[in-house]
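Participant:
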Ligand code: FES
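Residue numbers (my numbering): 91 to 146.
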């Protein structure tokens, strides 16, 4: 499912980034560009990140 429409980023992309060490929205923005445009995705992206990190 798409999380960041502006950049075509899915929850799978975010999970993979989280598994590879991203642990903040800033990291996600740097790695994938999430939230770099309209930023409407920020809340959802943070939630996916948090869920993934807590499941590790
Ligand atoms: Fe992510 Fe717009 S939906 S920056």
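From the three backbone atoms N, C-alpha and C, an ideal C-beta is built for every residue, glycine too. For clarity, every value in this text was computed on a predicted model and none was experimentally measured.
Which one or two residues does DSSP pair with residue 100 in a beta bridge?
Facilitator: Per DSSP, 92.
Participant: Please check the pair residue 118 and residue 129, which I expect to be a contact at CB under 8 Å, by giving their CB distance rounded to whole angstroms.
Facilitator: Incorrect: roughly 12 Å between the Cβ atoms, too far for contact.
Participant: Looking at the ligand FES, does it come within less than 7 Å of residue 95, judged from the CB to the closest heavy atom?
Facilitator: Yes, the Cβ of residue 95 comes within 7 Å of a heavy atom of the ligand FES.
Participant: Under 8 Å between the Cβ atoms of residue 97 and residue 124?
Facilitator: Result yes, Cβ atoms of residue 97 and residue 124 sit closer than 8 Å.
Participant: On the criterion of 16 or more Cβ atoms from any shown chain inside 10 Å, does residue 145 qualify as buried, or is it exposed?
Facilitator: So residue 145 ends up on the exposed side.
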